[in-house]
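Residue 200 is where the sequence shown starts when you use the working numbering, and the numbers rise one by one after that.
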Amino acid sequence: IKWFPDRPGMATGIAIMGFGGGALIASPWSAQMLESFGSDTSGIALAFLVHGLSYAVFMLLGVLLVRVPRPRAEEPADGRATAPAGPRVSARQALRTPQFWLLWVVLCTNVTAGIGILEKA
């Protein structure tokens, strides 16, 4: 929500979009790994290891590349919240920013880990 303080619905939508993207990627990827490594105990363990290492790489990239935005407006002395200063960003404009795609990749990768585990639970 810090990226889009004046548009919390869009921020939530982007986060939820990661769930769908994660499922879209994790399920076929998991199936392919189990086909390659085998569905016995050692194959499943190797698939989890590959998943974990892949997720760790993407999460570390996200930690290094995604930054919390600076506040655009200060709160007034009376404590009332104000709308952030500056131009509004449309969904179309947000889709053209690297911050949007970095955030999306981080959320998508995070969700694929959960989906991959739940698929086999």
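Cβ atoms here follow ideal geometry from the backbone N, Cα and C, with glycine treated the same way. Fair warning: this is a prediction, and the values are worked out from it, not measured in the lab.
In chain order, what residues of the same chain have a beta carbon less than 6 Å from the beta carbon of glycine 220, not counting five sequence neighbours either side?
-> Along the sequence shown, one-based indexing puts residue 220 at 21. Around glycine 220: Cys307.
Meets three-Cβ-pair contact criterion under 8 Å: the region 286-301 and the region 201-211 = yes
Start-to-end residues for the alpha helix (DSSP H) that takes in threonine 211 | Taking the first residue of the sequence shown as 1, we reach residue 211 at position 12. Threonine 211 -> alpha helix (DSSP H) spans 207-236.
Spatial neighbours of valine 265 within its chain, please: CB distance less than 8 Å, with the 5 preceding and 5 following residues excluded, ordered by chain position.
-> Here residue 265 refers to the residue found at position 66 when the sequence shown is read from its first residue. Correct list, in chain order: Gln298, Leu301, Leu302, Val305.
Hey, how far is the Cα of arginine 206 from the Cα of glycine 237?
-> As a first step, residue 206 is located in the sequence shown; it is residue number 7 there, counting from the start. As a first step, residue 237 is located in the sequence shown; it is residue number 38 there, counting from the start. Between arginine 206 and glycine 237, the C-alpha separation is close to 46 Å.
So is glycine 217 buried or exposed if we call it buried at 16+ other beta carbons inside 10 Å?
-> Against the sequence shown, residue 217 aligns to sequence position 18. It is buried - the Cβ of glycine 217 has at least 16 other Cβ atoms within 10 Å.
Looking at the structure shown, is threonine 296 part of a helix, part of a strand, or coil, going by DSSP?
-> The residue labelled residue 296 in the question sits at position 97 within the sequence shown. Taken through DSSP and simplified to helix, strand or coil, threonine 296 comes out as coil.
Straight-line gap, alanine 312 to isoleucine 224 (C-alpha atoms, nearest Å) = Position 113 of the sequence shown, counted from the start, is the residue given in the question as residue 312. Position 25 of the sequence shown, counted from the start, is the residue given in the question as residue 224. So the alpha carbons of these two residues sit roughly 10 Å apart.
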